[in-house]
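Peer 1: If you scroll down you'll find the structure; I have some questions about it.
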Amino acid sequence: MRVKWGISFKSKKVSIIFKLSRFLRRKWYALPFRQGSDKSLLISAAAGRIMFEHEIIAALQKSVKGEVRLEVPPDAKLGDFAFPCFSLAKELKKAPQVIAQDLAKSMHRPEIVREITAEGPYVNFFLDTTKVAKRVVERVFAQRKEFGASEKGKGRLAAIEFSSPNIGKPMHTGHLPSTLIGHSLGRLHEFHGYRVVRLNYLGDWGTQFGKLIHAYLTWGEKEKLEKEPVKYLVELYVKVTEESKKDLAHAEAARGWFAKLEKGDQMATGLWSKFKHYSVDEFRKMYAMLGIEFDSYNGEAYYAPKVESAIELLQKKGFAQLHDGALIVRIDGFDVPMMLKKSNGSTTYASRDVATLLDRIETIPFDVLLYCVGHEQSMHFQQLFSLMRKLGHGKNFVHVANGLYLLEGGGKMSTREGRTVFVEEVLNEAIALAKKTIEEKNPQLKRKDEVALQVAVGAIFFGGLLNDRAKDTVFDLNRFLSFEGDTGPYLMYTHARASSIITRAREFGLEPKASADFFVLKHPAEERVVKLMARFGQKTLDALNEYKPHVLAQYLIEFGRAFNEFYHACPCLSEPNEDVKRARLALIEASRQVLENGLRLLGITAPFEM
C-alpha cells in the first residue's frame with residue numbers, strides 16, 4: 046500500500062506486456078565535448094541549446110586545452126552562453142579576467158555567434174538570432190512531434206511504478222502526485238529513446254483489509270454495498286477506525302481477520318475479492334478519463350505467495366533474524382530494522398516489497414526502476430535498496446519522492462479521519478467549471494464536452510506538476526482552472542490561439558513554411574521566442590535527468606508568456622510586409638508545435654480550439 050492514508054486495492058493478475066510498437070526512433074543525445082572527440086557523433090539533432098553549444102565549444106577548443114563546458118548566464122544581457130576561465134588560470138599563469146579578454150579578442154567567431162565579449166572572468170557569446178531562427182524553425186518543421194527528442198535511452202528499459210491506489214476506496218487526490226509524476230516521467234523517458242514499462246502496484250493486502258472485513262461483518266448492509274459499493278466501504282473504514290479508538294477489541298478482531306485472509310479462509314477471501322472487484326471497475330474508469338495506461342496491475346496480493354521464498358533467501362544469507370518474536374533484518378546505517386514478519390506471523394509491507402523487487406529483477410530486464418512514492422517512505426526505500434545491494438543486485442533503483450497534496454488551509458488528507466477529496470468528484474467539478482467557461486467565451490464551439498474534459502484534465506495535471514515534486518502542494522481547483530497566471534488552461538489557450546492564427550492564414554491561402562526568410566525577424570519579442578524555442582529539448586532532458594517534470598512545466602510558462610508578448614507586439618496576418626508576415630507565420634506554427642510537444646510530455650492534450 047503506497048499511500049499510507051488509505052485503504053488498499055488490487056486488480057486482476059495481469060502479466061507485463063511490452064508494447065514495443067509504440068517505441069519510436071529518436072535523435073542523437075549530446076554529451077559534453079572533450080578535445081579530440083568525434084563531434085559529428087556527439088552533435089545533438091534535437092537537444093535544445095546543445096544544438097548551438099557544440100559550435101561554440103568547437104571554436105573554443107582551438108584555443109583551449111582540455112574539456113570545455115559552457116554556462117547559461119543568469120542575465121540575458123550577458124549573452125546566451127558564457128565560458129568561465131577560472132580553470133585556465135593555473136596553467137596559463139594569468140588572471141581569469143585577462144584570459145577572458147584575450148580569448149574574446151583572438152578566438153574564431155562561429156557563424157551562429159553575433160558577438161563575443163569579456164565580462165570579468167567570463168567570455169560571453171551572443172547568438173545571431175536570425176540564423177538561430179532559421180535552424181530552429183527548420184528543425185521543428187522537419188521533426189514535428191519528435192522535436193526536442195534524443196536517443197539518450199536507446200536500447201535501455203525504464204520501469205516506473207506509480208499511482209498505486211488502494212482497494213476499498215475511490216482514488217483521492219492524495220494519489221495524484223505519484224500518478225501525475227509517474228505518467229509524465231514515462232512520457233519523458235519514451236521521448237528520449239527509452240522503452241518504458243508502467244507498473245501499478247495496487248495496495249490490496251495488509252491489516253487494513255482485516256479492518257474492512259470486520260467492519261462489514263459487524264455493521265455492513267448488503268443493499269448499501271451494492272448501491273454505492275466503494276463509497277460505502279469508505280464509510281465502514283472510517284467507522285471501524287473510530288470504534289477501534291474506543292474499544293481495542295475491534296482492532297484485535299481486525300488483526301484476526303487479516304491473519305485468516307493470509308491463511309486462505311473462505312469467508313475472508315470471498316469478501317476481499319468482492320471489495321477488490323468493486324474498486325477495479327472504478328479505477329479503470331478514472332484512468333481512462335485521465336488518459337493513463339499501465340502494463341501491469343500486479344499488487345501486493347500477487348507477490349504475497351512469493352514472500353516466503355524471499356524470506357528463506359534472506360535467512361540463508363544470514364541477514365534475517367528473530368527479535369522479540371518478530372523476524373527482522375538489520376541494515377547498516379539505520380537504527381530501526383526492517384521488519385519482515387510480525388510476532389503473530391503476519392507478513393509486512395516491507396517483506397512484500399522485498400519479494401516484489403526480487404521478482405521484478407528476475408522478470409523485467411530494466412536498466413532503471415523508478416518508484417514514484419511519497420517522501421514519507423524515504424527510509425523504507427533506502428533500506429530496501431541497501432538490502433538489494435547486500436544481495437548483490439547492482440541495478441539502478443530510484444525513489445522519486447513527492448510531497449503531499451494538502452487541503453485548503455494546510456490540512457493533510459486522511460481516509461481514517463474522513464478528510465478526503467476524491468478524484469472523481471474533483472474531475473466532475475473541473476469538467477463542469479471548464480464547460481461553463483467555454484459557454485461564456487465560445488458558445489459556438491462544436492466539441493464542447495471533449496474540450497471541457499481536456500481542459501479539466503490539463504488543469505489538474507499542470508497544477509500538480511508545476512512545483513518541485515519534493516514540496517507539498519495546496520490543491521486549489523479554482524486556481525488550477527484559471528485561464529490567467531501559471532496554469533494549464535493558460536498554456537492550452539495559448540496553443541489554441543496559435544492554432545487559430547494558422548487556420549485563418551490558410552483561409553487566405555497562406556501556409557506556414559520553414560523556407561521563410563527569417564532574417565527579417567528583428568523585434569526583441571521575436572528574438573526571445575526563438576531563443577527559448579532553441580532550449581526546449583534541453584529542458585526536457587533536464588526534467589528527465591532530475592526526475593522533475595516541473596522543470597519542463599515552468600519552462601512552458603516562460604515560453605507561453607514570451608509567445609503571448611510576441612503575439613501582441615508583432616501582428617502577423619495584418620503585417621503589410623509579405624516576408625515578415627510569412628516569417629512570423631512560420632514562427633507561430635513552430636511555437637504551437639513546441640507547446641503541443643511540451644504539454645504532451647506532461648500528460649496534457651492541447652486543444653486546437655477553445
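According to this note's numbering, the stretch in the sequence shown is residues 46 to 655, in order.
For every residue, glycine included, the Cβ atom is placed at its ideal position computed from N, Cα and C.
Please read these numbers as outputs of a predicted model, since none were measured by experiment.
Are Phe-207 and Gly-238 touching if we call contact CB-CB under 7 Å?
Peer 2: Result no, Cβ atoms of Phe-207 and Gly-238 do not sit closer than 7 Å.
Peer 1: Flag this pair as touching only if the region 310-328 and the region 272-292 have three or more C-beta atom pairs under 8 Å; answer yes or no.
Peer 2: Touching, yes, given that three or more Cβ pairs across the two stretches are closer than 8 Å.
Peer 1: Can the beta-carbon of Leu-137 be found less than 7 Å from the beta-carbon of Ile-157?
Peer 2: Against a cut-off of 7 Å, the Cβ pair of Ile-157 and Leu-137 comes out as no contact.
Peer 1: Indicate the three-state DSSP secondary structure (helix, strand or coil) for Gly-248 in the structure shown.
Peer 2: Correct three-state label for Gly-248: strand.
Peer 1: Going along the chain, which residues of its own chain have a beta-carbon closer than 8 Å to the beta-carbon of Arg-67, five neighbours each way excluded?
Peer 2: Note that Arg-67 has pLDDT 31, beneath the 50 cutoff, so the model's placement of it is unreliable and the number below is only indicative. So the list reads Glu-235, once near-sequence residues are dropped.
Peer 1: Mind checking whether Ala-296 and Ser-391 have CB atoms under 7 Å apart?
Peer 2: No, they are not a contact pair.
Peer 1: Quick check: the Cα distance between Ala-543 and Val-565, rounded to an integer number of angstroms?
Peer 2: Looking at the two C-alpha atoms, the distance is approximately 20 Å.
Peer 1: What does a CB cutoff of less than 6 Å around Phe-364 pick up in its chain, not counting 5 residues either side in sequence?
Peer 2: Closer than 6 Å at the Cβ level, and outside the excluded window around Phe-364, lie Val-374.
Peer 1: List the endpoints of the continuous beta strand (DSSP E) containing Arg-159.
Peer 2: That run of the beta strand (DSSP E) goes 158-164.
Peer 1: If we count the other Cβ atoms within 10 Å of its Cβ and call it buried at 16 or more, is Val-285 buried or exposed?
Peer 2: The residue in question, Val-285, is buried, as its Cβ has 16 or more Cβ neighbours within 10 Å.
Peer 1: Using only the alpha-carbon positions, how far apart do Arg-114 and Tyr-600 sit?
Peer 2: C-alpha separation (whole angstroms): 22 Å.
Peer 1: Within 10 angstroms of its Cβ, does Ser-636 collect 16 or more other Cβ (buried), or is it exposed?
Peer 2: So Ser-636 counts as buried.
Peer 1: For Lys-362, which option in His-217, Pro-119, Ala-395, Met-433 has the closest C-alpha, if you only look at C-alpha atoms?
Peer 2: Closest by alpha carbon: Met-433.
Peer 1: Grab me the residues of Ala-651's own chain with a C-beta within less than 7 Å of its C-beta, minus the 5 sequence neighbours each way, in chain order.
Peer 2: Answer for Ala-651: Met-537, His-540, Leu-640, Glu-641, Leu-644, listed in chain order.
Peer 1: Which class does Glu-353 belong to by DSSP, given the choice of helix, strand or coil?
Peer 2: In the structure shown, Glu-353 sits in a helix (DSSP, three-state: H, G or I).
Peer 1: For Leu-646 and Ser-229, what's the separation of their Cα atoms in angstroms?
Peer 2: Going by the C-alpha atoms only, they are around 6 Å apart.
Peer 1: As an exercise, report each continuous beta strand (DSSP E) stretch of at least 3 residues that is fully enclosed by the region 556-637, in chain order.
Peer 2: As far as the region 556-637 is concerned, it has no whole beta strand (DSSP E) run of at least 3 residues.
Peer 1: Please classify Lys-584 as buried or exposed, where buried requires at least 16 neighbouring CB atoms within 10 angstroms.
Peer 2: Lys-584 is buried by the Cβ-count criterion.
Peer 1: Quick one: residues in its chain with C-beta nearer than 8 Å to the C-beta of Asn-447, no 5 flanking neighbours on either side, listed in chain order?
Peer 2: Same-chain partners within the cutoff: Pro-222, Ser-223, Ile-226, Cys-417, Val-418, Gly-419, His-420, Arg-514, Ala-515.
Peer 1: Counting C-beta neighbours from all protein chains within 10 Å, is the total for Thr-532 16 or more, i.e. buried, or is it exposed?
Peer 2: Flag for Thr-532 reads buried.
Peer 1: When DSSP labels each residue in this structure, what does Leu-202 get in the three-state scheme?
Peer 2: Residue state, collapsed to three classes: strand.
Peer 1: Are there 16 or more other CB atoms within 10 angstroms of the CB of Val-381, so buried, or fewer, so exposed?
Peer 2: Classification of Val-381: exposed, given that the 10 Å Cβ count is below 16.
Peer 1: May I ask you to verify whether the region 165-183 touches the region 119-137, counting CB pairs closer than 8 Å and requiring at least 3?
Peer 2: Taking 8 Å as the limit for Cβ pairs, the verdict is that the region 119-137 does touch the region 165-183.
Peer 1: According to DSSP, which residues form a beta bridge with Ser-341?
Peer 2: Answer by DSSP bridge pairing, in chain order: Leu-244.
Peer 1: Note the first and the last residue of the continuous alpha helix (DSSP H) segment covering His-295.
Peer 2: That run of the alpha helix (DSSP H) goes 293-307.
Peer 1: Closest to Ala-475 by C-alpha separation, out of Gln-427, Phe-528, Asn-512, would be which residue?
Peer 2: The candidate whose alpha carbon is nearest that of Ala-475 is Phe-528.
Peer 1: What separation, rounded to the nearest whole angstrom, lies between the Cα atoms of Lys-84 and Pro-155?
Peer 2: Only weak support exists for where Lys-84 lies, its pLDDT of 29 falling under 50; the value from the coordinates is given anyway. Cα-Cα distance, rounded: 15 Å.
Peer 1: Mind listing, in chain order, the continuous beta strand (DSSP E) runs of no fewer than 3 residues lying wholly within the region 350-405?
Peer 2: Entirely contained in the region 350-405, the beta strand (DSSP E) runs reaching 3 residues are, in chain order, 365-368, 371-374, 383-386.
Peer 1: So, for Asn-609: in the same chain, excluding its five sequence neighbours on each side, which residues have a beta-carbon less than 7 Å away from its beta-carbon?
Peer 2: Only Thr-539 meet the Cβ criterion.
Peer 1: Should Thr-393 go down as buried or exposed, given a rule of 16 or more other Cβ atoms within 10 Å for buried?
Peer 2: So Thr-393 counts as buried.
Peer 1: Using 7 Å as the threshold, is the C-beta distance between Lys-351 and Asp-404 below it?
Peer 2: Contact: yes.
Peer 1: Would you check if the distance between the CB atom of Asp-249 and the CB atom of Ala-346 is smaller than 7 Å?
Peer 2: Cβ distance < 7 Å, so Asp-249 and Ala-346 count as in contact.
Peer 1: Report the rounded CA-to-CA distance for Ile-546 versus Ala-103, giving the unit in angstroms.
Peer 2: Their backbone Cα atoms lie some 40 Å apart in a straight line.
Peer 1: Determine the closest residue to Leu-257 out of Gly-165, Arg-492, Trp-302, with distance taken between C-alpha atoms.
Peer 2: The residue with the shortest Cα to Cα distance from Leu-257 is Trp-302.
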